[in-house]
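Everything on this sheet refers to the single structure shown next.
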Amino acid sequence: MFGSTAFLVILALSLLVFAVPEWLKYYFTLGLLVAGIALTSSWSTGMLTGAGQAYELPLFTAATGTRMVLVIDNLSAFFILVVNFTVLIGFLYARGYLEPYKIRMNALRFSIHYFSYLWLWISMLMVVMIRDGIAFLIVWEIMALSSFFLVIFDAEERSIMKTGISYLIQMHVGMFFILVAFLLVQQDTGRMSFDALGEYFSRHRNLPLFLLFFAGFAIKAGFIPLHTWLPEAHPAAPSHVSGVMSGVMIKMGIYGIMRVLASMQSDLLITGVIILIMSLVSGVLGVMMAIVQHDLKRLLAYHSIENIGIIGIGIGLGVIGQATGNGALSLLGYAGGLLHVLNHSLFKSLLFFNAGSVYHAAHTRNIEQTGGLMKRMPWTAILFLAGSLAICGLPPFNGFISEYLIYMGMFGSLSGASLYHSILIVGSIAALSLIGGLAIFCFTKAFGIVFLGEPRSEEAGNAREAGRSMIFPQLATAALILFIGLGSPLVVKPVFDIVTRTWNLGSQPLVTGAFTANLAQISLAGGIFVVTLATLLLYRRYHLSRHVVETGPTWGCGYTAGTPKQQYTATSFAYNYNHIAKPLLQTRKEIEEIGEDEIFPHRRKFLSHSDDLFKRNLVDKPVDWISGLLKRIAVMQTGQIRHYILYAFVFMLIVLLLAMLKII
Amino acid sequence: MAGFILIAVAAFFFPGVILRTKSIASGRKGPAIFQPWKDIAVLLRKGSVFSDTTSLIFRIAPSVTLATITGAMLLLPFAEQKAVLSFEGDFILFAYLLALGKFFTIIAALDTGSSFEGMGASREALFSMLVEPAFFILIATFAMFTGYTSFSVIFNHFFITGNDYVLIYSIIGAYLLVQIAMVENSRLPVDDPKTHLELTMIHEVMILDYSGFDKALIHVGTYLKFALYGSLIYNLVVPAGWNVILQTGLFFAVQALFAMVIGFTESFRARNKMNKNPKFILTLTSIALIAFMVILILTEKLA
Amino acid sequence: MLLLFFIVSLALSGVTLISGSRGLTRAFALAFSALLIAITVHAWFNIGNTELTWFTYDSTAVLLLSVLTLLTLPTVYHGFIYTSDDAVKRFNIYHSGLIALMTFMAGAYLANTMTVLWIFVEATTLAVAVLIYHDRTEVALEATWKYVFICSTGIALAYLGILFLGFIYGRGDAPSLSFSSFSHVISNANPLYLKIAFIFVLVGFSTKMGLFPMHTVTIDAHSVAPPPVSALISTTLMNVGFLAIYRVYTLFSGTPVLSFMNDVLILAGVLSLLIAAGYMLKAKHLKRMLAYSSLENMGLVAIALGTGGYGYYAALLLIVLHSFAKSSLFYQMGQLSRILHTFRLDESGRYMKLYPAGAMVLMTGMICILAIPPSGMFISELMIFRAMVVNGQWLVMALTVILLCYIIYAMSTRIMHVSFSSPRNESELLQPGHVSPVETVSQFILLAFVIMICFWQPPFLTDLISNSIALLPR
Amino acid sequence: MVNYLIVLFAVTLIYFASAERLSTYVRLVALQGLLLCGIAVFELKEVNLANLLFIVAETLLFKTMLLPYLLSRIIRKSGVTKVHRQAVPGFYLLLFSIAGLLISVILAVILVNPFINSIYLAIALFTLLTGLLLIVTHKLIISHLIGFLVVENAVFLFSLAIGNEMPMLINIGILLDIFVGVLILGFFGLRLKPHTNELTMLKD
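Top to bottom, those sequences are chains V, S, G and D.
Residue numbering for the first sequence follows the numbering used here, starting at 507 and increasing by one per position.
Residue numbering for the second sequence follows the numbering used here, starting at 48 and increasing by one per position.
Residue numbering for the third sequence follows the numbering used here, starting at 3 and increasing by one per position.
Residue numbering for the fourth sequence follows the numbering used here, starting at 1496 and increasing by one per position.
Listed below in structure tokens is the structure:
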């Protein structure tokens, strides 16, 4: 069949990246990318418009009992499109972003980078298309591995290398959970595939297996408390990579969860509640931790956790809806979650690309060192603003649409709900609104401190606007964001279809119809808002043109020698908040007190940073403990022959003894 | 449409009434009702001064805020009259539009690069963030109680449920709305617009650098916002379906009452200590939870 | 044919010793590899036949023999490079030792009798001792001494184990019976004998296989032997040890002691993993770290054998793939030492800048050896876990997973730092040497094979493995 | 007759445990070779002549003459006369070897089997244990070598214990084993510094 052969050819050609001459590498990779995107997108659009296809690749002999078949159903089609768009934009952006590294690094480094990028993309596509267990695990790991190589692009930095490796390990651990889950399925059904899940679920309790899968996928997706790799890896990676990782790669975890849920049959209520509560925690804590970050990309990373939480809330509601037989709730929940996957992939990648441009311009990711970039790099600033508004879920941008759907699922299910249900729902409503508020707090801070006011450092002072090749891709993303925000009905309709087909909820013309109508109204409101704003601005311009306009210094309350140092910093902006959130965040300050005898206090520096409680207590401590143990065990290589013989001697005696005592 | 116009009209009297109340309470005669609007006219006649630190954001922010408020006004019904835009979940749009306006006010304040305004911005952001849940829980209780998710329908069915205890609930709701309005418009006890020390301001300090047209827009926005909340309160306490004249009368009565309440609070109450404010705002959330309990009882889920 | 092979190759090894010129020696070595290839092809064509009464071309033997043959040419090639600037005498000694070693290993693979197998194993010890001592340094001497001493002691123990088989049968020549004729005798034997015999054999040959109780000296041998030799020690020579244990295991697998053997194997395997993890976390010497990684892999093989079921297949696959991946890594070590002039981790770094091709080999090999997909070893690891799930050995599984994660951490940290970061302390500023990237070709080919296994397993391989585990209980 | 020899053999083993001087060790090794020769000759009745010669050769020639000679050379070269034990004092070592004897006897009883002469088995096991003990408890390389030789004697006894004839293959095996022993002594014993234990450069 043409499709599969073409795909295989692309896989094979990807190896040539190492061969082609240096100047050609980028374009060669781009060519492959575009070709593959055209191919797979055509598959998925074909799926969404018509019937599903399956493409068999002649990989995996029967020895492992697996056949590598690319199956495309609604869910995979959706994810394919999401992946393709972000990956393409990311790579276009990368051209400008990687320019400065060309002097430092030899061609091989770039080949590895492009190759890994290609394979990250390919493996993500395969992840969403493959049903067979072993094949899935392999591509799942390839995804982790390629992203690992992408993260450590700047590998001379020991810290980056450390981060990358811990990322790799955590991905590996997650893989083992999925592996065990699959093996259980195989032992029961004889098949190791997503298709066999239904059979398993029909015979056994669903919760335990689901929890295994969930643990594995949640590590990838970054649900708290399994998120610990995320805020480390994203800042370490180059920005186009972090954009792709945060935009689409962590969504693969979501995909897996959805895939498993699609074939679950019992235990739905408890499952839904678990997902919902974990997501609420992730959402709230994620954004709470985001606020106190000074590293721009780290802040964005924590926001990915928050958004994963929002997606999770949607999914959880969907499951609860299925459990309580509330079709509308599950439809809205799943649809909201799915749409938020798309939205988040857009605005988060946009924000990360922006952060990259800022990093290149100001040579720092610490927002305390930036400021006043609005005047120096206006395009980036505007795009960042668009992204922030979208991520805060403010109309008329796309974030609002998905959050609206989720909200409506909750509000709609309130009337006539049972006591516990309504308590749960009202709780989540409050939490979601709190998330929204906190997000606004965080992004007013981020945008305000980074782009507004006066520059706080030399580099920020003479920052230059990013090149065209970095701006245009972002413009495309921003345009899509605005389009989804204003033309939501066009987008939500297919999403509804996907959801109804995937979880076969049965078509619900009432709900879908009603909501397309509502969304039309929202678009109308957005339109009115935009028009009003435009007229206001026009009139304002007219008015100002007829009145005298002058500029002067910012009013300093009578103090005239103001310096940029006096501006409000990110720390001081979050000061009040810190007071409230202290118990949860454990922000630590480092300052040296002024001594009694110090008449003329010398220079001091004030340092405040908050590290991740979960990382410290759930990952670092146990890991260090075990490794200490292992190191203490490893004392046998004494270099003394008699010891070496002794080990054998003792081992034999012990085993003999055990054998005598019939223990083994 | 009626709702929209009435709110606009009410906005004309609202600030004046507040001023009058305060001056009478402090034993002065006080300015004319329309004095605030005269000030705005003055502002419109003046030119403007912009800080050379500021950028585009600072210039467009007031217009955006005003636009969001007008957008929000379109979502509010009056009596049986549906709002201009009425659909399921319009209150979500309502809240988020106002949030959008707030967003721009805050970043505009940060745009000036002045430490005062940054301080104000941080406080504003924090408080408005804390007040969000209260509002949403309140709305949630509406939805639970009536089973509808649109302002117009909710308020139409509010008193039709035939449940006599509704009154208790609507009083709590009204109280909550008043407090939320106070916070959102940064009046006492959270913030005192008449204070003279920048360090103790919230909203006023954020607009220190505005002048002329933009400042006028900001003031207009504030007044409209008051009326906005006023009409929400009105819809909550007055049953729909009486005749229109009476309704209109009651509408203005409620608005006036609301204004006077604000006036009296401001004349007889001192502003909170700044770091007491979060606690105060969180109490609103807990009160909202009480309202939720009440609804649980009213809908016989908790019995 | 076989007789011819033995005679000719031993003759070759002899004449190499006295050959006058490097070129001649090279010619001999190449001739020998041709001979080895020939015998392998011959073996392929009559699988199952017996020659000289003591040698049989059974599937397992052919499998391991082919592995040896595939590794011959690269080993000889890298050997040429490594010894190129030695005196002719040492050059000759090296190659004659190499030829002898390979001959003995081939013999050990093909032996169908415990005693013959044992004799050849003993012979390999002597042959490899020469190679380990090649550098003539104090350390080399110590390593050789330890290796020979411990190996011979261990092998003496193994011999006791073999003699125990005699007790079962009651006839002195029992150990000299071929496995096939042995199997029916075993079935009604006193389990205690079998157990003791197995323990002796396991512990004894663990010196060769590099498994837990007597792994210690192989580690030392790795770290001082010339890289191509280390490649052989940690792959084909370990396979010899594995084969000996595997033969006995197969022999006893029909009897009630099966579960006992499984438990012992798993115990040894887990302990090996434990020690390997601990030492890799402390490793300061690149080659030693690789040696410990061999220990880890052998531990996995033991566990696989112990879990049974799919584990058998996994064990053999693992043995094969490990041979390829690890040998290519050790060949790379040869080039690394010529570029960085050291194996100490704290003095090596920036390999990616100095020798990109080599760094690629390091990283690819690392991925392969750590069984991270797309490494074929992942397949066998997966099968091991599958077997564990079937048996419900959750504790073993958890231990294995945790230890594997630590091993991945330790190894990747070190290799990546060598490839990218700058050395922690550049003690002596030696001029980095120059090596042509062409030398890595053979390594890439081997690794490519390992990766290919992950996606496509050639039927002849799968058939061979399934045939060789046919005797084992399903 | 044979049994006396065997008992004597056991006694030499115990003597090993208590001996203090290396020269004693050497003598003991030689004595053991002699004893083994005697045992073999008495035991293997219906074995063919060639084979018998073979055995006699390897016992008398190697075990009784060559090895002790090499050992004494090494000792003279290194000039150490006394066995330096490590932490384990001789007294305990004696206890250990007694325990070893008990264990091996018990094992032999457990393993009793119509085909095996369990006295041989017991002594063989005891020899093995003693050899290992020598290696494990001693510091000096030379004592390690001696321990290794003792282990080889254990192998020899085992092969005798199996039955009253000695197949060719096993012979070859044993011969190889002895050959290795000789080689180790000849090569390393003279190259290394056997009176020290400084060979601990290779360790982690």
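Even glycine gets a Cβ: it sits at the ideal position worked out from N, Cα and C.
Item: Check for me: the alpha helix (DSSP H) holding residue 1538 of chain D runs from which residue to which?; Value: 1517-1538
Item: For residue 132 of chain S and chain V, any beta-carbon pair shorter than 8 angstroms?; Value: yes
Item: Pull up the distance between the alpha-carbon of residue 1676 of chain D and that of residue 46 of chain G, whole angstroms please.; Value: 38 angstroms
Item: Could you please give me the residues that DSSP links to residue 136 of chain G through a beta bridge?; Value: According to DSSP, residue 136 of chain G bridges with nothing at all.
Item: Please confirm whether residue 915 of chain V and residue 842 of chain V have their CB atoms less than 8 angstroms apart.; Value: yes
Item: Can at least three beta-carbon pairs, one atom from the segment 409-420 of chain G and one from the segment 358-375 of chain G, be found at a separation below 8 angstroms?; Value: yes
Item: Any beta carbon from chain G within less than 8 angstroms of residue 1598 of chain D's own beta carbon?; Value: no
Item: Check this for me: beta carbons of residue 1125 of chain V and residue 669 of chain V, under 8 angstroms apart or not?; Value: no
Item: Residue 308 of chain G by DSSP, collapsed to three states: which one?; Value: helix
Item: Please classify residue 1142 of chain V: does DSSP put it in a helix, a strand, or coil?; Value: coil
Item: Determine whether the Cβ of residue 1630 of chain D lies closer than 8 angstroms to any Cβ atom of chain V.; Value: yes
Item: Are the CB atoms of residue 1517 of chain D and residue 1637 of chain D nearer to each other than 8 angstroms?; Value: yes
Item: What does DSSP give as the partner residues of residue 1577 of chain D in its beta bridges?; Value: D:1516
Item: Check this for me: beta carbons of residue 1718 of chain D and residue 1616 of chain D, under 8 angstroms apart or not?; Value: What the structure shows of chain D is the stretch from 1496 to 1699, and residue 1718 of chain D is not part of that stretch, so it cannot be assessed.
Item: Compile a chain-ordered list of the residues in the segment 660-685 of chain V whose CB is closer than 7 angstroms to at least one CB of chain G.; Value: 661, 662, 664, 667, 671, 674, 675, 678, 679, 682 and 685
Item: How about residue 130 of chain S and residue 220 of chain S: do their beta carbons lie closer than 8 angstroms?; Value: no
Item: Less than 7 angstroms between C-beta atoms, sequence neighbours within five positions excluded: which residues of the same chain meet that for residue 212 of chain S?; Value: 345
Item: State the Cα-Cα distance for the pair residue 1570 of chain D and residue 1535 of chain D, rounded to the nearest angstrom.; Value: 30 angstroms
Item: Nearest CA to the CA of residue 4 of chain G: which residue from G:403, G:30 and G:56?; Value: G:56
Item: Should residue 1170 of chain V be flagged as near chain D, meaning a C-beta pair shorter than 8 angstroms?; Value: no
Item: Measuring straight from C-alpha to C-alpha, what distance separates residue 316 of chain G and residue 114 of chain G?; Value: 23 angstroms
Item: Using beta carbons (cut-off 8 angstroms, strictly below), is residue 1082 of chain V in contact with chain S?; Value: yes
Item: In whole angstroms, give me the CA-to-CA distance for residue 834 of chain V and residue 911 of chain V.; Value: 11 angstroms
Item: Rounded to whole angstroms, what's the CA-CA distance from residue 803 of chain V to residue 1088 of chain V? Just pull it up for me.; Value: 22 angstroms
Item: Using the three-state DSSP reduction, which class does residue 846 of chain V fall into: helix, strand or coil?; Value: helix
Item: Please name the residues in the segment 1146-1163 of chain V whose beta-carbon is closer than 7 angstroms to at least one beta-carbon of chain G, in chain order.; Value: 1147, 1150, 1151, 1153, 1154, 1157, 1158, 1161 and 1162
Item: To the nearest angstrom, how far is the alpha carbon of residue 316 of chain S from that of residue 68 of chain S?; Value: 14 angstroms
Item: Which residues in the same chain as residue 483 of chain G place their Cβ atom closer than 7 angstroms to its Cβ, once the five residues preceding and following it in sequence are excluded?; Value: With chain G represented from 3 up to 476, any question about residue 483 of chain G goes unanswered, as that position is not in the structure.
Item: Run through the segment 953-1016 of chain V for me and flag every whole alpha helix (DSSP H) of 4 or more residues, listed as ranges in chain order.; Value: 964-967, 974-992 and 994-1008
Item: Kindly give me the distance between the Cβ atoms of residue 401 of chain G and residue 272 of chain G, rounded to whole angstroms, as I take these residues to be in contact under 8 angstroms.; Value: 6 angstroms
Item: Exposed or buried, residue 1684 of chain D, counting other C-beta atoms within 10 Å across all chains shown (16 or more means buried)?; Value: buried
Item: Name the residue from V:1021, V:850, V:952 and V:752 whose alpha carbon lies nearest to the alpha carbon of residue 1074 of chain V.; Value: V:952
Item: Using a Cβ-Cβ cut-off of 6 angstroms (strictly less than) and excluding sequence neighbours within five positions of residue 128 of chain S, which residues of its own chain qualify?; Value: 49
Item: Quick check: the Cα distance between residue 1141 of chain V and residue 1699 of chain D, rounded to an integer number of angstroms?; Value: 8 angstroms
Item: Identify whether residue 876 of chain V lies in helix, strand or coil by the three-state DSSP scheme.; Value: coil
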